[in-house]
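First residue of the sequence shown: 1, per UniProt numbering; consecutive thereafter. Written out below as structure tokens is the structure these notes cover.
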Amino acid sequence: MPMAASGGTYRWHRTRRSLRATAGAARCSDQHLPVPQSLMSCFTDFDAILQTASVGDSATRPIYLDAQSTTPVDPRVLDAMLPFLTNQYGNPHSKTHAYGWESEAAVETARAHIGALIGADAKEMILTSGATESNNMSLKGVARFYGAKKKHVITTQTEHKCVLDSARKLQEEGFEVTYLPVQSNGLISMQELEAALRPDTCVVSIMAVNNEIGVIQPLAEIGALLKTKGAQLAKSAGLSGKPLFHTDAAQAVGKIELDVDKMGIDLMSLSSHKIYGPKGVGACYVRRRPRVRMEPLINGGGQERGLRSGTLAPHLVVGFGEAARLAKVEMKYDHAHISYLADRLKTRLLGAIDHVLINGDEASHYPGCTNLSFQYVEGESLLMALKDICLSSGSACTSASLEPSYVLRALGLDDENAHSSLRFGIGRFTTQEEVDYVAEKIIKVVERLREMSPLYEMVQEGIDLKTIQWSG
1 MPMAASGGTY RWHRTRRSLR ATAGAARCSD QHLPVPQSLM SCFTDFDAIL
51 QTASVGDSAT RPIYLDAQST TPVDPRVLDA MLPFLTNQYG NPHSKTHAYG
101 WESEAAVETA RAHIGALIGA DAKEMILTSG ATESNNMSLK GVARFYGAKK
151 KHVITTQTEH KCVLDSARKL QEEGFEVTYL PVQSNGLISM QELEAALRPD
201 TCVVSIMAVN NEIGVIQPLA EIGALLKTKG AQLAKSAGLS GKPLFHTDAA
251 QAVGKIELDV DKMGIDLMSL SSHKIYGPKG VGACYVRRRP RVRMEPLING
301 GGQERGLRSG TLAPHLVVGF GEAARLAKVE MKYDHAHISY LADRLKTRLL
351 GAIDHVLING DEASHYPGCT NLSFQYVEGE SLLMALKDIC LSSGSACTSA
401 SLEPSYVLRA LGLDDENAHS SLRFGIGRFT TQEEVDYVAE KIIKVVERLR
451 EMSPLYEMVQ EGIDLKTIQW SG
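Given below as structure tokens:
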């Protein structure tokens, strides 16, 4: 990245569809952020790729198609946050002066916007650091509170790692956990869920939209089953209450219609940075009527109904609230825009490349998360050949691992097909030009890599690879 030796300046340009920052020593009328000399070396190793600090400009930056990992902050969200990083810096828990009052009012307005996005009351929204914390408090907090009489937890094999690790932690504490398998399309079997229910089941945690394959689970059906069969089982054993229904909705909120009452959801995890808000803030919906009880993970000043102590960061909460407000207003537009681009991408790829698997159910599916396996091509090699495109071969939280995706393996894919997968994360700021470029680039790269693949050559000759006895 070219910068003056004595330091540089970022000039931020805010528009509807992009955020651009260009480096330069000269001052102009835009907002300037000086870059210390000590940080200059941090930028210089990526000159070939990161030419300017811009988002969504394929001429100067890699094309970003990893919206399941994170999304850029919407410029309108940034505008809402800025006052709370400058002159409106009061502690929202300070009740004795105007600085605290104005911060508290802003936090409560944001809380209402977040709740409205899922059909919840503002008082039911517990603000957290993100979906990982919300998932932890939902599983551990509920299980530990009801654990004296109810020691059984149900989840699925394709949950986010923080849910699976929380479940394993509960197993260490003496709880029994059932990990439901999924069908080859990624959906759970309602019959298997019903069979897994027990009188002592305290919480069922099933993800709303899967972060790797975009499959939408039947939330309303699950909620109805727990209300009927779950409650009957508990009553038969002399226990009160149905199993509580928790869903990790980090990838669903703001993207599909959600209503906690209509779907029978008792706990829901939300994340700001998945809906064009800032990182470091999220929320946990905790039903008030009938009241959901849990043990807090963080003790202290008793903030957030005593469930999550600690001083809130008003600028983050306000950003989250504005992102939620925008998501509710623009959900139909965003969905139509993303659906069009996803269909265009799949049509071009599937029309030009053979032996491509679509991972996950095609009907019950969020289009912004498309997972394809390009058979006879190693996924990591494909990613390395696409340096100007930001894609993922799985969850960002486990992308450091060379193991094939446990989500794809749960669908029944073998290691080879799981390793050959790419996840395409299309978002609000993705353009048609970017999608067309990505499709053409992948077509060329896959063709080139397959030319070097003896396995693909054998398949082209009509040889069934499953019939070959491999030595070693």
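Glycine is no exception: its CB is placed at the ideal position from the N, C-alpha and C atoms.
- Message: Is the separation between the beta-carbon of His-315 and that of Met-81 shorter than 7 Å?
- Response: Locating residue 315 in the sequence shown gives position 315, counting from the first residue. Locating residue 81 in the sequence shown gives position 81, counting from the first residue. Yes.
- CA-CA distance, Ser-272 and Leu-383? Residue 272 sits at position 272 when you count from the first residue of the sequence shown. Residue 383 sits at position 383 when you count from the first residue of the sequence shown. Their Cα atoms are separated by approximately 27 Å.
- Query: What first and last residue would you give for the beta strand (DSSP E) that runs through His-152?
  - Reply: Taking the sequence shown and counting its residues from 1, the one referred to as residue 152 is at position 152. Its beta strand (DSSP E) spans residues 152-156.
- Taking the alpha-carbon positions, what's the Ile-213 to Ser-392 distance? Mapped onto the sequence shown, residue 213 falls at position 213. Mapped onto the sequence shown, residue 392 falls at position 392. A straight-line Cα-Cα distance of about 12 Å links Ile-213 and Ser-392.
- Give, in chain order, every unbroken run of the beta strand (DSSP E) that is at least 3 residues long and sits entirely within the region 175-239. 176-180, 201-205
- Message: When you measure from the CB of Arg-325 to every non-hydrogen atom of the ligand NAP, does any distance come out below 6 Å?
- Response: Among the components modelled here there is no ligand, and therefore nothing to report on the ligand NAP.
- Message: To the nearest angstrom, how far is the alpha carbon of Ala-220 from that of Thr-156?
- Response: Sequence index remark: in the sequence shown, residue 220 carries index 220 (1-based). Sequence index remark: in the sequence shown, residue 156 carries index 156 (1-based). Cα to Cα, Ala-220 sits roughly 17 Å from Thr-156.
- Message: Excluding the 5 residues flanking Glu-108 on each side, which residues of the same chain have their C-beta closer than 8 Å to its C-beta?
- Response: Indexing the sequence shown from 1 puts residue 108 at position 108. Answer for Glu-108: Ala-122, listed in chain order.
- For Val-445, name the three-state secondary structure that DSSP assigns. Along the sequence shown, one-based indexing puts residue 445 at 445. Secondary structure of Val-445 (DSSP, three-state): helix.
- Task: Assign Asp-361 to buried or exposed, taking buried as 16 or more other Cβ atoms, counted over all protein chains shown, within 10 Å of its Cβ.
- Result: Working through the sequence shown from its first residue, we reach residue 361 at position 361. Classification of Asp-361: buried, given that the 10 Å Cβ count is 16 or more.
- Does the beta-carbon distance from Ile-367 to Ile-338 come in below 7 Å? Position 367 of the sequence shown, counted from the first residue, corresponds to residue 367. Position 338 of the sequence shown, counted from the first residue, corresponds to residue 338. Ile is not the amino acid found at residue 367; the sequence shown has Pro there. It is a contact, given that the beta carbons lie within the stated cut-off.
- Query: In three-state terms, what does DSSP make of Tyr-64?
  - Reply: On the sequence shown, residue 64 is found 64 positions in, with the first residue counted as 1. Note: Tyr-64 maps to strand in three-state DSSP.
- Taking the DSSP output, what are the residues bridged to Asp-248? In the sequence shown, counting from the first residue as 1, residue 248 sits at position 248. Answer is Ser-269.
- Exposed or buried, Val-329, counting other C-beta atoms within 10 Å across all chains shown (16 or more means buried)? As a working mapping, residue 329 is identified with position 329 in the sequence shown. Looking at its Cβ environment, which holds fewer than 16 other Cβ atoms inside 10 Å, Val-329 is exposed.
- Return helix, strand or coil for Asn-299, following the three-state DSSP convention. Counting from 1 along the sequence shown, the entry for residue 299 is found at position 299. If DSSP states are grouped into helix, strand and coil, Asn-299 belongs with coil.
- Fully enclosed by the region 350-426, which beta strand (DSSP E) runs are 3 residues long or longer? 356-358, 369-374, 421-425
- Query: Exposed or buried, which one is Ser-240 when buried takes at least 16 other CB atoms within 10 Å?
  - Reply: One-based indexing of the sequence shown puts residue 240 at position 240. Its Cβ having fewer than 16 others within 10 Å, Ser-240 is exposed.
- Message: Which residue marks the beginning of the beta strand (DSSP E) containing Met-125, and which one marks its end?
- Response: Within the sequence shown, numbered from 1, the residue matching residue 125 stands at position 125. Residues 125-128.
- Query: What distance in whole Å lies between the Cβ atoms of Ala-342 and Ile-426, which are believed to be in contact at a cut-off of 8 Å?
  - Reply: Numbered from its first residue, the sequence shown carries residue 426 at position 426. Numbered from its first residue, the sequence shown carries residue 342 at position 342. So it is a contact: roughly 5 Å between Cβ atoms.
- Query: Just to confirm, are Gly-282 and Gly-130 a CB contact at a threshold of 7 Å?
  - Reply: Within the sequence shown, residue 282 is the residue found at index 282, counting from 1. Within the sequence shown, residue 130 is the residue found at index 130, counting from 1. Yes, the pair counts as a contact, with Cβ atoms nearer than the cut-off.
- Query: So, is Pro-243 buried or exposed, given that buried needs 16 or more other C-beta atoms within 10 angstroms?
  - Reply: In the sequence shown, residue 243 corresponds to position 243, counting from 1. Per the 10 Å Cβ criterion, buried.
- Smallest Cα separation from Ala-252: which of Ile-206, Arg-288, Gly-174, Glu-434? Position 252 of the sequence shown, counting from 1, holds the residue named residue 252. It is Ile-206.
- Please check the pair Lys-229 and Gly-264, which I expect to be a contact at CB under 8 Å, by giving their CB distance rounded to whole angstroms. Start at 1 with the first residue of the sequence shown, and residue 229 comes out as number 229. Start at 1 with the first residue of the sequence shown, and residue 264 comes out as number 264. Not a contact, Cβ separation roughly 12 Å.
- Query: Alpha carbon to alpha carbon, how far is Leu-258 from Ala-120?
  - Reply: As a position in the sequence shown, residue 258 is number 258, starting the count at 1. As a position in the sequence shown, residue 120 is number 120, starting the count at 1. Straight-line spacing of the CA atoms in Leu-258 and Ala-120 works out to 10 Å.
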